[in-house]
Amino acid sequence: MNASIQISANSIEENISPPVSGVEVLGTTRDRFGNRLVVAKAYGANQYEAFTFDPVNLITGSSRDLAKILVNNGINSPIKQNPLVIQKDIVDQLDLKKDKLIVFLEIPGTHQCLIGEENYTIIVANGHFCSPRPLPSEVSIILVGEANKKHRKKDSYHSFIKELSEKIADQPRVILAILFALTSYWWTIFGVPTLALMLVGKTSTGKSVSQRLASQLVKGTKKIISGNFTTIGLHDELAHQGTQPVFIEDGHGKTVAQAMLSAFMDAGNSAHRVRSKKSQYGNEPTKPVTATLIVSAEQNIAASAKEAKLPMQPGVVSRVFEIFSGEFGMFDELCGFNDGASLAAYFDKVGAEHPGILGELVTQSICENFPLYQQKWEDRKSIIARHISKHIEIDVNWDGQDQRLFNSLVFCAFIGHIAVKENHLLIRNMNINSGIGKIFGEYLSRKYSSSIELTIEIKSTITAVRHALNRNLKKIKKPQRGIKLSLQLKKASIIGFDVEEKDGRYYLIKPKALQEIMGDRLNRKTYQHLKQAGFLKVSSSRGHQYQKRLSDEHRVSFVAISAAIMNE
C-alpha cells in the first residue's frame, strides 16, 4: 500500500540504531479479506511513507522477491547487501513487533474496526481521527489516501464562522443540509435510524449551492455525484464511501428513479447487496450502505417513481426527508444581498476558504466528551422534541412514518446543539429548533393538505350549525307529555327538543326546521361533517336522522345534534 499517510498518536517506537536492512518494521495489519500483512518503512524516512507486504516474502527462498518489494519502495540496501541478511533482520524486527497492530483507514467517515475481540468506532474527518473510547496501546492508526487529506485551521477561522453563522442563522434549509452532513457520522453510534435528505425545487434555486456549502464545511470537498448511474453502480459507490455524507445532484426522473428508491432503502436499512462481477469493486467484500444521502432534485421521489411507473413503497417515505424551495429557493432570507444568486456566490466563496474544519471540530468535541453526550442524548431528546414541536404550525395526527422522520430530525438538532455549545457554530439553539419545526410543518402541510382542507371545511360547518342553533335556542324546548307534547310537535315556533340520552345531551331538531334555520348552508356535506366530528347521532337505516320515542304514541325522526357542539 503506497500512499501518503498520517500516523496516529499511539506512537510507533523508533529503533535506537539503524537496522542492517535499512528497513524499519512498524507492526502488522490485516487487509480487507483478513490476510495478515507486514507494515514497514525505510529507516529514517517519514512514517507517511509506510508500505505493506505479504509475510510470505519472509520465508526461506523468497529473499529476492522481498528485495524487489523493498527496491520498489525506495530501499536500495538489498542490492548492496546479502538478501538473506536483509530478510533475517526484518524477521527479527517483526518478532519484536508482532503484537503491534496497525490499522489503515482509506476514506473519511465512521469506521467500525475489530481489534482483538472488540469493535472500536473510529471517526475520520479532515485528515484527523478520533475515537469515542481510548484505543489499546498496541494499536496505531494510519490514514491513507482520501482519509489523510486535511486542511489546516487558519487564524481567521473564528471571524469566518462568526460571519457565516450570521448569514445562516435564519436559513433553516441551509442549516438542515449542514446538520445532516455533521450527523452522518453519528446515526448508528447513537442508535438512531439513518435518514436521507432531499432538496427539491426548480433549477437555479440554491440546491447545489447548499450541498456544496455543507460538503465543504464538513468534508472539505465539493464533490457531488451527478445523477447518471445504475441501481447497482450507485449501491456499490455508496457502500464504498462508508459512513459519511454523500452528495448527489439531479436525483430525479424516470432514468434514475429505481436507483434512488433502492439507495434510500439501502441507506436506511444499512443493507448489503450481492455484487455484480462487472462492478469496479468486484474484488472487495460486500459492504452495507451506511452513507447519509444528501440529494438535490427538481421533483420529489414520489413524482420520479410515478414517472418511471414504479411503486412508491411506504418504507421509502420514512427514510428520506424532503425539503422544498421557499420564497428565495433554498434561502429563506437574502441577508442583505440583492438576490439569491449573490448570496449563492457568497456561500460558494466562503465554503472553499476553510474546508473541512467544521466537521473536524464537531467530531473531535463529541469524541472527547462521548460518555457525556451519550447520556445527554438520552436525557434531552424528549426536551428537544418539545422545543421543536412548538414551532410546527399545523395540528394533524401523525402516523408512524412521520414519527420516524421527526425522531431523526430531533437527533440532527441535538448534534447541532453540540456544535453551538462548543462554539463551532455561532448561532442559537432556537435557530435550529425553530428552523426544523418550520420545515417539518411544511412537510406535514404537503402530506396532509387534503385532510387539512377537510378539517377546515368541517370546522366551518360546525361553526355555521352552532351559530344557527345559538340564534334559535329559545325555540328548543324540553319535551312535555300527553296532549302538550302533541302540540309541541305541531308548533312551528318549536324547532326541536332538548333531551338527555345515555351518551349525553342532544338537540333533536325537526328536519324541516333545520332547513329553515340553516338555509343554503344545509346540504349532504353538512351531515357528513357533523358525523365526522362526532356531533351527529343517527339510527340504523335512517340516513342522517335519529328516531326517538318521545311517548307511547309518538315515535318521531329528528336530526340529533350533540349539545357539545355549543362548547366548540
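Numbering-wise (full-length UniProt numbering), the sequence shown opens with residue 1 and increments by one.
In this text, a Cβ means the ideal position worked out from N, Cα and C, and glycines have one as well.
At least one CB of chain D closer than 8 Å to the CB of residue i: is that the case?
i, result
"D170", "As a matter of chain content, chain D is missing from the structure shown, which is built from one protein chain."
With a cut-off of 8 Å on the beta carbons, I'd call residue i and residue j a contact; round off their distance for me.
i, j, result
"C412", "T183", "5 Å"
"S270", "H235", "That pair is no contact at about 12 Å."
"V332", "D170", "Strictly speaking, residue 332 in this sequence is Asp, with Val absent from that position. Indeed they touch by this definition, with Cβ atoms about 6 Å apart."
"F440", "F406", "6 Å"
"A40", "V56", "Not a contact, Cβ separation roughly 15 Å."
"Q241", "S318", "The pair is not a contact, with the Cβ atoms about 23 Å apart (cut-off 8 Å)."
"R212", "G351", "6 Å"
"V124", "L101", "Going by Cβ atoms, the distance from V124 to L101 rounds to 17 Å, so no, they are not a contact pair."
"H354", "K88", "Contact doesn't hold; Cβ gap of about 51 Å is too wide."
"K219", "P245", "6 Å"
"G340", "F328", "5 Å"
"I384", "V410", "5 Å"
"V316", "A239", "That belief does not hold up - the Cβ atoms of V316 and A239 are roughly 19 Å apart, past 8 Å."
"S215", "A181", "7 Å"
Need the endpoints of the alpha helix (DSSP H) that residue i sits in, please.
i, result
"A341", "340–351"
"V85", "83–96"
"F264", "257–269"
"Y48", "Counting along the chain, Y48 falls outside any alpha helix (DSSP H), and DSSP gives it neither H nor E."
"N407", "400–421"
"V316", "314–317"
"T231", "231–241"
"L105", "Counting along the chain, L105 falls outside any alpha helix (DSSP H), though it belongs to the beta strand (DSSP E) covering 101–105."
"R555", "Counting along the chain, R555 falls outside any alpha helix (DSSP H), though it belongs to the beta strand (DSSP E) covering 555–562."
"L66", "63–72"
"E307", "301–307"
Taking the alpha-carbon positions, what's the residue i to residue j distance?
i, j, result
"F33", "M430", "48 Å"
"D399", "I565", "27 Å"
"P371", "S365", "12 Å"
"K254", "F247", "19 Å"
"A492", "R505", "23 Å"
"Q480", "R521", "31 Å"
"V499", "I388", "45 Å"
"S342", "N423", "27 Å"
"K548", "E378", "56 Å"
"G435", "E166", "15 Å"
"H151", "K447", "42 Å"
"I392", "P134", "41 Å"
"M330", "S460", "35 Å"
"L334", "A42", "56 Å"
"A563", "A464", "14 Å"
"A3", "T121", "In this prediction, A3 has a pLDDT of 40, which is less than 50 and means its spatial position is unreliable; nothing more can be read from the coordinates."
"K207", "I432", "19 Å"
"S449", "V396", "10 Å"
"A419", "K349", "22 Å"
"residue 629", "I90", "Nothing about residue 629 can be reported from this structure: the residues present for the chain run from 1 to 568 only."
"P18", "N148", "28 Å"
"K477", "F535", "19 Å"
"K376", "E360", "21 Å"
"P511", "A267", "59 Å"
"S21", "N82", "9 Å"
"residue 573", "R524", "The question about residue 573 has no answer, for the chain in this structure spans 1 to 568."
"residue 611", "I509", "Not covered by the structure: residue 611. The range shown for the chain is 1 to 568."
"R36", "G27", "10 Å"
"E117", "A50", "26 Å"
"G529", "I458", "A quick correction: the sequence has His, not Gly, at residue 529. Their backbone Cα atoms lie some 5 Å apart in a straight line."
"D250", "Q258", "14 Å"
"T526", "I462", "8 Å"
Along the beta strand (DSSP E) that carries residue i, what are the first and last residues, could you check?
i, result
"S434", "Premise fails: S434 lies in the alpha helix (DSSP H), 429–447, not in any beta strand (DSSP E)."
"S140", "139–144"
"Y527", "Run containing Y527: none in the beta strand (DSSP E); it sits in the alpha helix (DSSP H), 524–532."
"R380", "Looking at the DSSP string, R380 is not in any beta strand (DSSP E); the run it does join, the alpha helix (DSSP H), is 370–389."
"S296", "292–297"
"K548", "546–549"
"E322", "320–324"
"N126", "Element bounds for N126: n/a, residue is neither H nor E."
"E249", "245–249"
"G253", "Premise fails: G253 is in no beta strand (DSSP E) and is neither H nor E."
"I115", "109–115"
Length at least 4, wholly inside the region 147–219: the alpha helix (DSSP H) runs in chain order: 157–168, 172–183, 207–219
Entirely enclosed beta strand (DSSP E) segments - the region 11–45, minimum 3 residues: 23–30, 36–42
How do the region 197–210 and the region 289–297 stand: do at least 3 beta-carbon pairs fall below 8 Å, yes or no? yes
How about the region 65–76 and the region 128–148: do they share at least three Cβ pairs that are nearer than 8 Å? no
Going along the chain, which unbroken runs of the alpha helix (DSSP H) with 4 or more residues stay wholly within the region 480–513? 482–490
Quick one: any contact between the region 319–326 and the region 221–234, if contact means 3 or more CB pairs under 8 Å? no
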